[in-house]
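I have placed the structure first, in the form of structure tokens, so that the comments after it can refer back to it.
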Amino acid sequence: RSTITYSAAVSACAKGGQWVHALQLFREMAHGRVQRNTITYSAAVSACEKGHQWVKALQLFLEMADSRVEWDNITCSAAVSACANGDQWAHALQLFREM
16 RSTITYSAAV SACAKGGQWV HALQLFREMA HGRVQRNTIT YSAAVSACEK
66 GHQWVKALQL FLEMADSRVE WDNITCSAAV SACANGDQWA HALQLFREM
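For the sequence shown, counting from 1, position 77 maps to 92 in my numbering; every step adds exactly one.
Structural data, given as structure tokens:
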């Protein structure tokens with residue numbers, strides 16, 4: 016299994032509204048020592064956004080810096096949307112300002 020296959024699977028789960036499965040796969044990557052990249056994090060944040068899990072989305076977004084993975088506009092937009100959907104406007108505005 017590679018970063019590419021995991022990213023595709025996490026993304027498929029996100030698109031299917033299966034945020035729990037998406038996060039399981041995402042966490043499995045760390046245990047299997049498969050490198051997570053911007054695409055993988057974006058898919059996981061997006062899965063949380065679609066699952067109305069703003070806290071988890073924000074945690075993943077912040078975890079990117081600790082993991083030395085650069086975020087992109089897609090990742091940040093998903094995190095902003097997750098916060099906005101959770102009525103967390105202060106967090107959403109803070110992320111927007113960082114874009």
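Ideal placement from N, C-alpha and C gives every residue a C-beta, glycine not left out.
As the structure is a prediction and not an experimental result, all values here were calculated from the model.
*Note down the Cα distance separating Ala58 from Asp81, rounded to an integer number of angstroms.*
If you number the sequence shown from 1, residue 58 lands on position 43. If you number the sequence shown from 1, residue 81 lands on position 66. The alpha-carbon atoms of Ala58 and Asp81 are separated by roughly 18 Å.
*Out of His67, His46, Arg51, Arg83, point me to the one whose CA is closest to Gly101's CA.*
The residue you call residue 101 lines up with position 86 of the sequence shown. When each option's Cα is compared against that of Gly101, the closest is His67.
_At the level of alpha carbons, what is the spacing between Cys98 and Ser17?_
For the purposes of this step, residue 98 is taken as the residue at position 83 of the sequence shown. For the purposes of this step, residue 17 is taken as the residue at position 2 of the sequence shown. Cα to Cα, the separation comes out at about 30 Å.
*The alpha helix (DSSP H) spanning Val25 covers which residue range?*
Position 10 of the sequence shown holds residue 25. Its alpha helix (DSSP H) spans residues 18-30.
*Could you spell out the range, first to last residue, of the alpha helix (DSSP H) harbouring Asn52?*
Counted from its first residue, the sequence shown places residue 52 at position 37. From DSSP, Asn52 is part of no alpha helix (DSSP H); its letter is neither H nor E.
*When the distance is taken between beta carbons, is Val60 closer than 7 Å to Tyr21?*
For the purposes of this step, residue 21 is taken as the residue at position 6 of the sequence shown. For the purposes of this step, residue 60 is taken as the residue at position 45 of the sequence shown. Not a contact, by the Cβ cut-off of 7 Å.
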